[in-house]
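Beneath this line is the structure, given in structure tokens, with notes to follow.
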Amino acid sequence: QGACPDGWHIPTRQEWLDLADELGGLPVAGGKLKEMGDDFWNDGNVGATNSTGFSARGAGEKAGAYESGKYQFFKEAALFWSSTQSGSNTTYYYGVTSEEEKLWQINFNKDYYYSIRCIENETVGFNDSEELKMEVFPNPAQDVVTVKFNLNLKPSSIQLYNSLGQLVPIEYSLNKNLLN
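As structure tokens, this is what we get:
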């Protein structure tokens, strides 16, 4: 990705869906993300409360090449990329419009230009008495890397990102504490 500063990333599809769930679901989450008023939205700005402080503004989009790259939907929509691809040339994105309070989930051509919102990477916390030791091999890695760690806690999930901020599919064994 390279669009976010160190320690931050473009949210995945799941992170957008988790946010929507936290806000009451896709049908109402958009209003809680939109900046109130009509400085950055068309008159009406339905359902906008900005109760999250997200302050989405109707920046619109720059269309893809097959639409001559025109800029459109200014003050009508705020559209944000996710880092999750839905096909070889398509990616999930999320949007809000001035006409409703819904948060839209759409998968569409990567040829378009949308806004991004970087979120801070989560860090794993441990008690002072606990120590996490990890081995990564081979180093440097080619296509496969193994991460071996000792950890008394059993994590409910593990996500691994590559240096481009892309989610890497992993196999995880709780019994062996091995990541492949």
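Using the working numbering, the letters of the sequence shown map in sequence onto residues 2 to 181.
For every residue, glycine included, the Cβ atom is placed at its ideal position computed from N, Cα and C.
All of these numbers come straight from a predicted model, not from anything done at the bench.
{"Asked": "Secondary structure at Gly-31, three-state DSSP: helix, strand or coil?", "Found": "helix"}
{"Asked": "Where do the N-terminal and C-terminal ends of the beta strand (DSSP E) with Ala-21 fall, by residue?", "Found": "It is not in any beta strand (DSSP E) - Ala-21 instead sits in the alpha helix (DSSP H) that spans 14 to 23."}
{"Asked": "Should the stretch 94 to 106 be called in touch with the stretch 27 to 44, which here means at least 3 C-beta pairs below 8 angstroms?", "Found": "yes"}
{"Asked": "Let's test the definition: count the other Cβ atoms within 10 Å of the Cβ of Asn-46 and tell me whether it reaches 16, buried, or not, exposed.", "Found": "buried"}
{"Asked": "Using the three-state DSSP reduction, which class does Glu-68 fall into: helix, strand or coil?", "Found": "helix"}
{"Asked": "If you pair each beta-carbon of the stretch 59 to 76 with each one of the stretch 114 to 123, do three or more pairs fall below 8 angstroms?", "Found": "yes"}
{"Asked": "Leaving out the 5 sequence neighbours to the left and right, which residues in its chain are closer than 6 angstroms to Ile-120 when beta-carbon positions are compared?", "Found": "Pro-12"}
{"Asked": "Using 8 angstroms for Cβ pairs, my map puts Tyr-94 next to Leu-104. What's the rounded Cβ distance?", "Found": "About 11 angstroms; that fails the 8 angstroms criterion."}
{"Asked": "Could you tell me whether the Cβ atoms of Leu-24 and Thr-53 are closer together than 8 angstroms?", "Found": "yes"}
{"Asked": "Alpha carbon to alpha carbon, how far is Trp-9 from Pro-28? Give it in angstroms, no decimals.", "Found": "28 angstroms"}
{"Asked": "Alpha carbon to alpha carbon, what distance is there between Ile-171 and Tyr-162?", "Found": "10 angstroms"}
{"Asked": "In the DSSP assignment, find the beta strand (DSSP E) that holds Gly-88 and state where it starts and stops.", "Found": "78 to 88"}
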